[in-house]
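*Asks:* One structure, as C-alpha cells, below. Some questions next.
Numbering (the numbering used here), first residue to last: 204 to 464.
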C-alpha cells in the first residue's frame, strides 16, 4: 500500500501546491487529493508519474520499501561477500585497491564508511562495477551519511542544523530522494562544507591536489587525514584554538619525556 502522506510530505517540501503537482503529473486535483488522504490507491502508472513530477524514486512512496542503505555493516558484508566469491584474500584485495589490509578489515567489519573513491578502488580490485557495492543514485546520500557519522551527528541533529525534516535526511541518505540544490546547500552549510563536495566526482577533487608537493598530496589524499580535516572544518574558533593548544601541550610533553630519557 502506498502512503499518501509521503506524497503530501514530498510535495510540501518542494513548496508545490496540489494544483501544480496535479498538472505536472497529468492528474486531476481531486484525484490527487484523494490519493494524499488515503482514499484512493493509485495505479503503477500514476505512481510513476508522481515520482517523476516530484523527482523521487517511486519506492520512496512505500513506507515498507527496503531500499539499499549504506550502513557500515551492510556495506562491509557486501564487500566481504564479493571478495570471498572471487576467492581473494583481504591482503590481496587491499593491495589491488591501494589501501592497507587493516583499513579493509575495518571496512568489512563495519567500523568505517570509506570514501567513494576508495569504494571504486575496491570495486576495481574485485573486477566489479561500483554499483554492485553501492548504487550510483545513492552517492550523494552516502557522502552525507559518511560525514554526518564522522561528526557524530544524528539525522535529527543534522536536520535541525540544516532546517529540514529528519525524514528528508533519511530519505536522501537511503537514496530514495535526490535533494534539490537548495536542500544540498543547507546540508552543506550545516556541515561546514561546500555543496560541490557532495556532487563532484572524487577524481575532480583529487585533481585539485595535482600541483602540490607529492608528499603533501599523498598525505591529504589519505582517507583518515581527510576525515580529520573535514571534522576540523566544522569547529568553532574556540574549539580549533583548543585543539591547537592540546597538540602543542602534547608535543611539549613528548619532548620533555624524550629529554629525560
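Quick reminder that beta carbons are idealized off the backbone N, C-alpha and C, glycines included. Keep in mind that this is a model prediction, so the values were computed, not measured.
1) Is the stretch 347 to 354 touching the stretch 295 to 305 in the sense that three or more CB pairs, one from each, lie closer than 8 Å?
2) Along the chain, where does the alpha helix (DSSP H) that runs through residue 308 open and close?
3) I'd like the list of long-range same chain contacts for residue 332, defined as Cβ closer than 7 Å, with 5 residues on each side in sequence excluded.
4) In or out: residue 346 buried (at least 16 other Cβ within 10 Å) or exposed?
5) Is the Cβ of residue 381 closer than 7 Å to any Cβ of chain B?
6) So, is residue 257 buried or exposed, given that buried needs 16 or more other C-beta atoms within 10 angstroms?
7) What does the alpha-carbon distance come out to for the pair residue 288 and residue 370?
8) With DSSP as the reference, label residue 315 as helix, strand or coil.
9) Residue 380 bridges to which residues according to DSSP?
10) Quick one: measure Cβ to Cβ for residue 480 and residue 400, integer angstroms, because I've assumed they're closer than 8 Å.
11) When the distance is taken between beta carbons, is residue 241 closer than 7 Å to residue 290?
12) Between residue 251 and residue 282, which are expected to be in contact by the criterion C-beta below 8 Å, what is the C-beta distance as a whole number of angstroms?
13) Starting from residue 347 and walking both ways along the alpha helix (DSSP H), at which residues does that stretch end?
14) Where does residue 232 fall in DSSP's three states?
15) Quick one: measure Cβ to Cβ for residue 253 and residue 228, integer angstroms, because I've assumed they're closer than 8 Å.
16) Residue 307 and residue 296 look like a contact to me (Cβ under 8 Å); what is the Cβ gap, rounded to whole Å?
17) Residues in its own chain within less than 7 Å of residue 213 by CB, not counting five upstream and five downstream?
18) Could you tell me if residue 456 is buried or exposed, where buried requires 16 or more neighbouring beta carbons within 10 angstroms of its beta carbon?
19) Please confirm whether residue 372 and residue 361 have their CB atoms less than 7 Å apart.
20) Quick one: Cα of residue 278 to Cα of residue 377, how far?
21) Residue 244 by DSSP, collapsed to three states: which one?
22) With burial defined as no fewer than 16 other Cβ atoms inside 10 Å of the residue's Cβ, what is the status of residue 224: buried or exposed?
23) Following the continuous alpha helix (DSSP H) through residue 210, name the residue where it begins and the one where it ends.
*Replies:* Inspection of the coordinates gives the following:
1) no
2) Reading the chain shown from its first residue, position 105 is the one you call residue 308. It spans 304 to 311 - the alpha helix (DSSP H) in which residue 308 sits, taken as one unbroken run.
3) In the chain shown, the residue the question calls residue 332 occupies position 129. Excluding residues within five positions, the ones whose Cβ falls inside 7 Å are 326.
4) As a working note, residue 346 is residue 143 in the chain shown. Label assigned to residue 346: buried.
5) The chain labelled as chain B is not found in the depicted structure, where only one protein chain is given.
6) What you label residue 257 is simply residue 54 of the chain shown in a count that begins at 1. With 16 or more other Cβ atoms within 10 Å, it is buried.
7) As a first step, residue 288 is located in the chain shown; it is residue number 85 there, counting from the start. As a first step, residue 370 is located in the chain shown; it is residue number 167 there, counting from the start. Distance between the alpha carbons of residue 288 and residue 370 is about 36 Å.
8) What you label residue 315 is simply residue 112 of the chain shown in a count that begins at 1. Of the three classes helix, strand and coil, the one that applies to residue 315 here is coil, per DSSP.
9) Counted from its first residue, the chain shown places residue 380 at position 177. Residue 380 is bridged to 259.
10) Past the edges of the chain, shown from 204 to 464, lies residue 480, and the structure says nothing about it.
11) Position 87 of the chain shown, counted from the start, is the residue given in the question as residue 290. Position 38 of the chain shown, counted from the start, is the residue given in the question as residue 241. No, Cβ-Cβ distance for residue 290 and residue 241 is not below 7 Å.
12) Reading the chain shown from its first residue, position 48 is the one you call residue 251. Reading the chain shown from its first residue, position 79 is the one you call residue 282. In fact, because the Cβ distance is near 33 Å, the residues do not count as touching under 8 Å.
13) Position 144 of the chain shown, counting from 1, holds the residue named residue 347. Per DSSP, residue 347 belongs to the alpha helix (DSSP H) from 342 to 353.
14) Here residue 232 is taken as the residue at index 29 of the chain shown, counted from 1. In this structure, residue 232 counts as helix in the three-state DSSP scheme.
15) As a first step, residue 253 is located in the chain shown; it is residue number 50 there, counting from the start. As a first step, residue 228 is located in the chain shown; it is residue number 25 there, counting from the start. Between residue 228 and residue 253 the Cβ distance is about 5 Å, and since that is below 8 Å, they are a contact.
16) Counting from 1 along the chain shown, the entry for residue 307 is found at position 104. Counting from 1 along the chain shown, the entry for residue 296 is found at position 93. Contact holds; Cβ gap of about 6 Å.
17) Within the chain shown, residue 213 is the residue found at index 10, counting from 1. 257 and 259.
18) Residue 456 sits at position 253 when you count from the first residue of the chain shown. So residue 456 ends up on the exposed side.
19) Position 169 of the chain shown holds residue 372. Position 158 of the chain shown holds residue 361. Yes, the pair counts as a contact, with Cβ atoms nearer than the cut-off.
20) As a position in the chain shown, residue 278 is number 75, starting the count at 1. As a position in the chain shown, residue 377 is number 174, starting the count at 1. Roughly 13 Å between the two C-alpha positions.
21) On the chain shown, position 41 is the one that residue 244 refers to. If DSSP states are grouped into helix, strand and coil, residue 244 belongs with coil.
22) Within the chain shown, the letter at position 21 stands for residue 224. Buried: at least 16 other Cβ atoms inside 10 Å.
23) Along the chain shown, read from residue 1 onward, the residue named residue 210 stands at position 7. It spans 207 to 216 - the alpha helix (DSSP H) in which residue 210 sits, taken as one unbroken run.
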